[in-house]
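Q:
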Amino acid sequence: METTATETGAARTGGWGRVFRGNRGLWITAAVAVVALAGGLVLGRFVISPIDAAAGAGAPDPGLVTVPVEFGELSNDVTLRGDVGYTDAVELKIDTSTFTGPAVVTGQVPETGAELDRLSVALEVAGRPVIVLPGALPAYRTLRIGVSGPDVLQLKETLAAAGIGVGDAASDVFDEATALAVGELYNQVGYPAPDAEEGVAETVIAAEDSVRMAEQSLADARAALAVAGQGPSAIEVREADNQIASLDRQVAAADAAGEDSSDLRDQLALAQLQRQALDAPRDTSAEQAAVDGAIAGVETANASLAEARQAALPYLPASEVLYLEDLPRRVDAVDVERGTALEGAAMTVSGAAVELTGTAAAADVELLEVGAEASFELPDGAAHRAVIVAIEPAEDGGRTVISFEPDPLSPEQMEQVLGTNVRIEVPVGATDGEVLSVPYAALTAGPGGESRLEIVTGDPRDGESAETRMVTVETGLAAGGYVEVTATEGDLAEGDLVVVGS
């Protein structure tokens, strides 16, 4: 039995040896892990982390919170956001009521960025121009001979300002001089004046014929009156005298021959009466009445001709004029193109001047005024000057609209900032040069209500036992949490440490 036990133990020992030799790497790893765990437990009893050390330590001794006195310029600014754009943008709609067919755009389509000024052609519709003129009253009717009103007065003032003669510019009547001025307007923009309405030309021709006929009738009547007023001709008088002399001889011859001369005597008496009638004044009332009627006929014909000719004079259709205020205007967007029918707005225009517009709260508005200078940042980081030109409170009590006029911008700068939202700084107060300043929190009130500063002359870390001194000051401009201070009692200099807390 003993031999068997020994053999069994040897067999077990050999089995464990085989297991160890077959898994040597695993056993080594396990051994390293055990050693590391034991080492960590030992070191953990002696090593303490900074956080644990701080947690176990007591609170540090309280010190004084200080800031240095600063020296430099101090300014108070109002900051707001604003949009850069052109002034007074409006949509333009062209009156197409006078067109008998489709209002097709045929030319003169402006490009974005183009300027519209006095006598510019904004658009060409159905071969006709839309002429830009300065004015506040829109075109709402065709202006022609005989009409009157404020729109006529606006047209005449506009044409006169453009150097086109209109006769009496103070009159609100569209007369012949105004019509001729409209013709010159079309001549200057390079288009013919509108054609006369259908039938007007034929009416003028007929009126001219009527005048010629009336003038001929007058000439004939005057000739007849002249003939009637001249009396008998020399031939008529001579013939009458000869007839009397002949009859007188015949009567004498008959009496000498003892013949009956009574019949001859009757003929002689009649001839003598006719001769007397030749010397009597003639009645020309009929001829004069004919002349008077012919004169009236000529006057009527001439009046009809003048009326017909006036109807043929140049006129201004409402569809061919566009009144705009504050010229020149810049084209911001074009909504039509050549060959398309005109419907709705043709384009959007704005003032040529650049405007910067922002809004401000009531508290900031109180610090702003028209004429105040401001600045905004360009894309390259440079500050660009602007001036407040208008402050318009909101009717609903909301934020107030502030309008700025920037200094001139180059085309490149305008292209970069147009339509962008920028930050605007408006200085509303500034010191006259460099001054000493401290935070508001550094000021304390003395027994007499004076402002004081506590200056640390020792080590602030000493807390309440630190050495300090009091300086009485006079305050000035406050801005950005700092206030201007001037020492009235005691010394104060840049870099002095002032107490703001403990």
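Those letters in the sequence shown? Residues -9 to 492, per our numbering, in order.
Ideal placement from N, C-alpha and C gives every residue a C-beta, glycine not left out.
Values in this document were obtained by computation on a predicted structure and should not be read as measured data.
1) Do Y305 and V142 have their CB atoms nearer than 8 Å?
2) With burial defined as no fewer than 16 other Cβ atoms inside 10 Å of the residue's Cβ, what is the status of Y130: buried or exposed?
3) Whole-angstrom Cβ separation of G103 and V416, contact assumed at under 8 Å?
4) Measure the beta-carbon distance from T96 to R328 and round it to whole angstroms, keeping in mind my assumption that it falls under 8 Å.
5) If you check the beta carbons only, do V281 and R212 fall under 8 Å apart?
6) Leaving aside the five residues before and after V326 along the sequence, list all residues of the same chain whose C-beta is less than 8 Å from its C-beta, in chain order.
7) If you count every other CB in all the chains shown that lies within 10 Å of the CB of T(-2), and 16 or more means buried, which is it?
8) Per the contact definition of three or more C-beta pairs closer than 8 Å, is the region 164 to 182 in contact with the region 246 to 254?
9) Between which two residues does the beta strand (DSSP E) containing Y472 stretch?
10) Hey, out of A468, L467, V463 and P271, whose CA is closest to A496's CA?
11) Look up E166 in the DSSP assignment and say whether it is helix, strand or coil.
12) Specify the secondary structure class of D422 as computed by DSSP and reduced to three states.
13) Taking Cβ positions, are V339 and L175 nearer each other than 8 Å?
14) Any idea what DSSP makes of P401, helix, strand or coil?
15) Tell me the DSSP secondary structure of G153 in three-state form.
16) Measure the C-alpha to C-alpha separation of E395 and L467 and round it to an integer number of angstroms.
17) For A197, which of helix, strand or coil comes out of DSSP?
18) Quick one, are the C-beta atoms of N66 and A343 less than 8 Å apart?
19) Could you spell out where the alpha helix (DSSP H) holding T274 opens and where it closes?
20) Between which two residues does the alpha helix (DSSP H) harbouring A353 extend?
21) Would a C-beta distance cut-off of 8 Å place G53 and R451 closer than the cut-off?
22) By the 10 Å Cβ neighbour count, where 16 or more other Cβ atoms means buried, how is E310 classified, buried or exposed?
23) Thinking C-beta only, is V120 closer than 8 Å to I84?
24) On the CB-based measure, 16 or more other CB atoms within 10 Å of its CB, does V473 come out buried or exposed?
25) Please classify D73: does DSSP put it in a helix, a strand, or coil?
26) Within 10 angstroms of the Cβ of S110, are there 16 or more other Cβ atoms? Answer buried if so, exposed if not.
27) Looking at C-alpha atoms only, which residue of L426, A296 and K146 is the closest neighbour of V57?
28) May I ask which residues mark the beginning and end of the alpha helix (DSSP H) holding V241?
29) Answer with buried or exposed for L303, where buried requires no fewer than 16 other C-beta atoms within 10 angstroms of its C-beta.
30) Determine the direct distance from the alpha carbon of Y76 to that of V59, and round the result to whole angstroms.
31) T193 to T330, Cα distance in whole Å?
32) Whole angstroms is fine: what's the gap from A501's alpha carbon to I234's?
33) Along the beta strand (DSSP E) that carries P124, what are the first and last residues, could you check?
34) Leaving out the 5 sequence neighbours to the left and right, which residues in its chain are closer than 6 Å to G493 when beta-carbon positions are compared?
35) Measure the Cβ-Cβ separation of D397 and D78 and say whether it is below 8 Å.
36) Determine the DSSP secondary structure at P140, reduced to helix, strand or coil.
A: For this structure:
1) As a first step, residue 305 is located in the sequence shown; it is residue number 315 there, counting from the start. As a first step, residue 142 is located in the sequence shown; it is residue number 152 there, counting from the start. No; because the gap between Cβ atoms is not below 8 Å, this pair is not in contact.
2) The residue given as residue 130 occupies position 140 in the sequence shown. The C-beta of Y130 has fewer than 16 other C-beta atoms within 10 Å across all chains shown, which makes the residue exposed.
3) Along the sequence shown, one-based indexing puts residue 103 at 113. Along the sequence shown, one-based indexing puts residue 416 at 426. With 8 Å as the limit, G103 and V416 do not qualify as a contact, their Cβ atoms being about 30 Å apart.
4) Reading the sequence shown from its first residue, position 106 is the one you call residue 96. Reading the sequence shown from its first residue, position 338 is the one you call residue 328. With 8 Å as the limit, T96 and R328 qualify as a contact, their Cβ atoms being about 7 Å apart.
5) In the sequence shown, counting from the first residue as 1, residue 281 sits at position 291. In the sequence shown, counting from the first residue as 1, residue 212 sits at position 222. Contact: yes.
6) For the purposes of this step, residue 326 is taken as the residue at position 336 of the sequence shown. Counting only Cβ-Cβ distances below 8 Å, and skipping sequence neighbours, we find V95, V99, L113, L332, A336 and M337.
7) Counting from one through the sequence shown, the residue named residue -2 turns up at place 8. Reliability of the predicted coordinates at T(-2) is poor, the pLDDT of 44 falling under 50, and the value obtained from them is presented with this limitation in mind. With fewer than 16 other Cβ atoms within 10 Å, it is exposed.
8) Judged by Cβ distances under 8 Å, the region 246 to 254 makes no contact with the region 164 to 182, as fewer than three pairs qualify.
9) By one-based count along the sequence shown, residue 472 stands at place 482. Residues Y472 to E479.
10) Limits of the chain in this structure are -9 at one end and 492 at the other, which puts residue 496 out of reach.
11) Counted from its first residue, the sequence shown places residue 166 at position 176. Helix at E166.
12) Position 432 of the sequence shown, counted from the start, is the residue given in the question as residue 422. Looking at D422 - three-state DSSP - the assignment turns out to be coil, as it is neither helix nor strand.
13) Looking up residue 339 in the sequence shown gives position 349. Looking up residue 175 in the sequence shown gives position 185. The answer is no: Cβ separation not under 8 Å.
14) If you number the sequence shown from 1, residue 401 lands on position 411. Residue state, collapsed to three classes: helix.
15) Position 163 of the sequence shown, counted from the first residue, corresponds to residue 153. Note: G153 maps to coil in three-state DSSP.
16) In the sequence shown, the residue the question calls residue 395 occupies position 405. In the sequence shown, the residue the question calls residue 467 occupies position 477. Cα to Cα, the separation comes out at about 28 Å.
17) On the sequence shown, position 207 is the one that residue 197 refers to. The answer is helix: DSSP assigns A197 an H, G or I state.
18) Here residue 66 is taken as the residue at index 76 of the sequence shown, counted from 1. Here residue 343 is taken as the residue at index 353 of the sequence shown, counted from 1. In this structure, A343 does not lie closer than 8 Å to N66 by Cβ.
19) For this step, residue 274 is matched to residue 284 along the sequence shown. Segment: none, T274 is in no alpha helix (DSSP H) and carries neither H nor E.
20) As a first step, residue 353 must be located in the sequence shown, where it is residue number 363. Unbroken alpha helix (DSSP H) run through A353: A352 to V355.
21) Residue mapping note: residue 53 aligns to position 63 of the sequence shown, counting from 1. Residue mapping note: residue 451 aligns to position 461 of the sequence shown, counting from 1. With respect to the 8 Å criterion, G53 and R451 are classified as neighbours on the basis of their beta carbons.
22) Your numbering for residue 310 matches position 320 in the sequence shown. The residue is buried, with at least 16 neighbouring Cβ atoms inside 10 Å.
23) In the sequence shown, counting from the first residue as 1, residue 84 sits at position 94. In the sequence shown, counting from the first residue as 1, residue 120 sits at position 130. Going by beta carbons, I84 and V120 fall inside the 8 Å limit.
24) For the purposes of this step, residue 473 is taken as residue 483 along the sequence shown, with counting starting at 1. Residue burial is scored here from C-beta neighbours: V473 has at least 16 other C-beta atoms within 10 angstroms and is therefore classed as buried.
25) The count along the sequence shown starts at 1 and reaches residue 73 at position 83. Under the three-state reduction of DSSP, D73 is assigned to strand.
26) As a first step, residue 110 is located in the sequence shown; it is residue number 120 there, counting from the start. Note on S110: 16 or more other CB atoms within 10 angstroms of its CB, so buried under the neighbour-count rule.
27) On the sequence shown, position 67 is the one that residue 57 refers to. Taking only the C-alpha atoms, the option nearest V57 is L426.
28) For the purposes of this step, residue 241 is taken as residue 251 along the sequence shown, with counting starting at 1. Following the DSSP letters along the chain, one finds V241 inside the alpha helix (DSSP H) bounded by residues A224 to A246.
29) For this step, residue 303 is matched to residue 313 along the sequence shown. It is buried - the Cβ of L303 has at least 16 other Cβ atoms within 10 Å.
30) The residue labelled residue 59 in the question sits at position 69 within the sequence shown. The residue labelled residue 76 in the question sits at position 86 within the sequence shown. The alpha-carbon atoms of V59 and Y76 are separated by roughly 46 Å.
31) Here residue 193 refers to the residue found at position 203 when the sequence shown is read from its first residue. Here residue 330 refers to the residue found at position 340 when the sequence shown is read from its first residue. If you take the alpha carbons of T193 and T330, they lie about 37 Å apart.
32) The displayed coordinates of the chain run from -9 to 492. Any statement about residue 501 would go beyond what the structure contains.
33) Residue numbering aside, residue 124 sits at position 134 when the sequence shown is read from its first letter. That run of the beta strand (DSSP E) goes R118 to P124.
34) The structure shown has nothing for residue 493, since the chain only spans -9 to 492.
35) Residue numbering aside, residue 397 sits at position 407 when the sequence shown is read from its first letter. Residue numbering aside, residue 78 sits at position 88 when the sequence shown is read from its first letter. Taking 8 Å as the Cβ cut-off, D397 and D78 do not qualify as a contacting pair.
36) As a working note, residue 140 is residue 150 in the sequence shown. In this structure, DSSP gives P140 a helical state, which the three-state scheme calls helix.
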